[in-house]
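Peer 1: In my numbering, the protein residues as written are 17 to 291. Just so you know, even glycine gets a beta-carbon here, dropped at the ideal spot from N, CA and C. Being a predicted model, the structure only gives us computed values, none of them experimental.
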DNA sequence: CTTGTACCCTGACCGC
DNA sequence: TGCGGTCAGGGTACAA
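1. From 273, 23 and 177, pick the residue whose C-alpha is nearest to that of residue 94; which is it?
2. For the alpha helix (DSSP H) containing residue 57, name the first residue and the last one.
3. Is the Cβ-Cβ distance between residue 168 and residue 185 less than 7 Å?
4. Tell me whether the beta-carbon of residue 114 lies closer than 7 Å to the beta-carbon of residue 46.
5. Can you give, in chain order, each stretch of the beta strand (DSSP E) that sits fully within the segment 102-126 and has at least 3 residues?
6. Quick one: grab the DSSP three-state call for residue 256.
7. Which parts of the segment 140-216 are runs of the beta strand (DSSP E), unbroken and 3 residues or longer, counting only runs that do not cross its ends?
8. Would you mind stating whether residue 266 and residue 277 have Cβ atoms separated by less than 7 Å?
9. Pull up the distance between the alpha-carbon of residue 275 and that of residue 227, whole angstroms please.
10. Please report the straight-line C-alpha distance between residue 30 and residue 250, rounded to a whole angstrom.
11. Count the other CB atoms within 10 Å of the CB of residue 290; is the residue buried (16 or more) or exposed (fewer)?
12. Taking the alpha-carbon of residue 188 as reference, which of 79, 154 and 170 has the nearest alpha-carbon?
13. Grab me the residues of residue 197's own chain with a C-beta within less than 6 Å of its C-beta, minus the 5 sequence neighbours each way, in chain order.
14. Name the one or two DSSP bridge partners that residue 272 has.
15. Between which two residues does the beta strand (DSSP E) carrying residue 281 extend?
16. Rounded to whole angstroms, how far is the Cβ of residue 205 from the Cβ of residue 285, which I believe are closer than 8 Å?
Okay, structure coming up:
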């Protein structure tokens, strides 16, 4: 379940390995990880032979900037992972390699995805920029202030947790960090977005940034499937305050953490701290 | 425009 | 030991 901290961790792992390398060959083992409108043939034609200039992230997307104003976009979704090596580094960990991209230094970039919900696609940089413009602000950038968050929530009747998951409002939050940030801010996830006071919006803003920054420092949360590059685990799971802790006691007040369902997703909260 | 729901996919887990 | 049912959730499509 890679969210912003996990994808950014992967970006930091991959950037020094990939920047400047040329993609010399592409092998697609599972056609359905090549995402529409690409197909294996068009994807291979678009990326083979090109040099990787830079590795970026926007929201939960990983972006390999290729020479010739092309972008290789990666969506990890639930179970997408990468490994780099002359051969597959950990065959017991990477058991569902769906694609291989050979590099000009003799190594290969392996994309592994058990459930094949994620995948790769190519597009022109101009197409990507138009899509990126539809995404919400990056919560760790300086421009993301309380006013920006306030604008995204004001007047909204939808539950604040649902709004936080909407990538058009804030980019990069997923189910884990939305729940964690709301707990840290002491806000009930069921509250209408527009019902938050200025003070609460400020608390939520701070909580989002603190939660993401701490998770990034810990190289992400390895809860089920997530691994950084070459199988490295995150460490933030031991610091989760509510996510996945149904029936356990709140680390702040001792009350029992409960699980509810919002928009078909689990939400964990402390009924006392988030009243 | 907003809001909600179904879908994709496999493996882990649970109860019997 | 097996076996069926449930759940995990990001992004997208689509309906109301």
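Peer 2: Well, looking at it:
1. 23
2. 56-63
3. yes
4. yes
5. 113-119
6. coil
7. none
8. no
9. 20 Å
10. 15 Å
11. buried
12. 154
13. 223, 224 and 227
14. 265
15. 281-285
16. 6 Å
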